[in-house]
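Asker: Sending over a structure as structure tokens; questions will come in a sec.
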Amino acid sequence: NAGVTQTPKFQVLKTGQSMTLQCAQDMNHNSMYWYRQDPGMGLRLIYYSASEGTTDKGEVPNGYNVSRLNKREFSLRLESAAPSQTSVYFCASRQQGNEQYFGPGTRLTVT
Amino acid sequence: SQQGEEDPQALSIQEGENATMNCSYKTSINNLQWYRQNSGRGLVHLILIRSNEREKHSGRLRVTLDTSKKSSSLLITASRAADTASYFCATVPTGGYQKVTFGIGTKLQVIP
């Protein structure tokens, strides 16, 4: 039982490049989330998926797209990376009414 | 803007003392959760308190919730150096029960 896994752990991109961050959970949770964490800003919600087949915007969705591929997987795509997207990205999953379980994070630097 | 705001943003105490962190939020909630994050790691859940509960305990942790004041507090008793971490509150709004949003956190340092 691996919990929530994220790949890659580290990534460096040039401005304008694209990439997809992968997230998978093996706890059969319905809801999945993507957050970014910047110094002094706490965690800000980018997108979430309440259940398979649905996605909704969070607080800071601009510049990102998501795909809930199936119940296990929820990916985050940066179509054209910008330096402002340099951050640590966390994926989380949750069963309705309960706590969230977090992945280890992806450290992204955009130069 | 973020739903929860922790206070203080930083706290430094001696080992053995109690640490209290507060969280205020803006809208009605279904539940409130506290998480801990060690430096460079992901977040780990500590306690979840529902809107109809006023107090909850887990080991050395005590969480209170005052829905009339839209605030919660996390008390860590008899702190240890290993409690050094950042602590975040997260809220699930009434009606938007899948949308979980976090505050900016309290950075706790426990000095041995």
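Line order of the protein sequences matches chains V and E. Plus 644 on top of the position in the first sequence (first one is 1) and you've got the numbering used here. Plus 71 on top of the position in the second sequence (first one is 1) and you've got the numbering used here. All C-beta atoms in this analysis are idealised placements derived from N, C-alpha and C, irrespective of residue type, glycine included. Nothing here was measured: the structure is a model prediction, and the numbers come from that model.
Just checking: is the beta-carbon of Gly707(V) within a distance shorter than 9 angstroms of some beta-carbon in chain E?
Answerer: For the purposes of this step, residue 707(V) is taken as residue 63 along the first sequence, with counting starting at 1. Output row for Gly707(V): interface = no.
Asker: Could you give the first and the last residue of the continuous beta strand (DSSP E) run that contains Ser711(V)?
Answerer: The count along the first sequence starts at 1 and reaches residue 711(V) at position 67. Per DSSP, Ser711(V) belongs to the beta strand (DSSP E) from 708-712.
Asker: Could you check which residue in Glu77(E), Pro79(E), Ile84(E), Asp78(E) has the C-alpha nearest to that of Thr155(E)?
Answerer: Walking along the second sequence from the start, residue 155(E) turns up at place 84. Considering only alpha carbons, the answer is Ile84(E).
Asker: Hey, is the segment 122-141 of chain E in contact with the segment 732-747 of chain V, meaning 3+ C-beta pairs nearer than 8 angstroms?
Answerer: The answer is no - the segment 732-747 of chain V does not touch the segment 122-141 of chain E, with fewer than three Cβ pairs under 8 angstroms.
Asker: Give the straight-line distance between the Cα atoms of Gly707(V) and Glu717(V), rounded to the nearest whole angstrom.
Answerer: The residue labelled residue 707(V) in the question sits at position 63 within the first sequence. The residue labelled residue 717(V) in the question sits at position 73 within the first sequence. In a straight line, the C-alpha of Gly707(V) is about 20 angstroms away from that of Glu717(V).
Asker: Mind listing the chain E neighbours of Ser675(V)? Cutoff is C-beta to C-beta under 8 angstroms, in chain order.
Answerer: Along the first sequence, one-based indexing puts residue 675(V) at 31. Neighbours of Ser675(V) on chain E, chain order: Gln169.
Asker: Do we get a CB-CB distance below 9 angstroms when we pair Asn742(V) with the residues of chain E?
Answerer: In the first sequence, residue 742(V) corresponds to position 98, counting from 1. Yes, Asn742(V) counts as interfacial toward chain E.
Asker: Under three-state DSSP, which class holds Leu164(E)?
Answerer: In the second sequence, counting from the first residue as 1, residue 164(E) sits at position 93. The residue you asked about is not Leu; residue 164(E) is Pro in the sequence shown. Strand at Pro164(E).
Asker: Taking Cβ-Cβ distances shorter than 7 angstroms, what residues in chain V pair up with Ala128(E)?
Answerer: Numbered from 1 along the second sequence, position 57 holds the residue referred to as residue 128(E). Position check: residue 128(E) holds His in this sequence, whereas Ala was assumed. Result: empty, since nearest Cβ-Cβ is about 16 angstroms, beyond 7 angstroms.
Asker: Going by CA-CA distance only, name the one from Thr750(V), Val648(V), Pro652(V), Ser731(V) that's closest to Val115(E).
Answerer: For the purposes of this step, residue 115(E) is taken as residue 44 along the second sequence, with counting starting at 1. Measuring from the Cα of Val115(E), the nearest candidate turns out to be Val648(V).
Asker: Determine, using beta carbons only, whether Arg133(E) comes closer than 9 angstroms to chain V.
Answerer: Here residue 133(E) refers to the residue found at position 62 when the second sequence is read from its first residue. No, no contact with chain V.
Asker: What do you reckon, are the CB atoms on Val710(V) and Pro727(V) nearer than 9 angstroms?
Answerer: Position 66 of the first sequence, counted from the start, is the residue given in the question as residue 710(V). Position 83 of the first sequence, counted from the start, is the residue given in the question as residue 727(V). No, they are not a contact pair.
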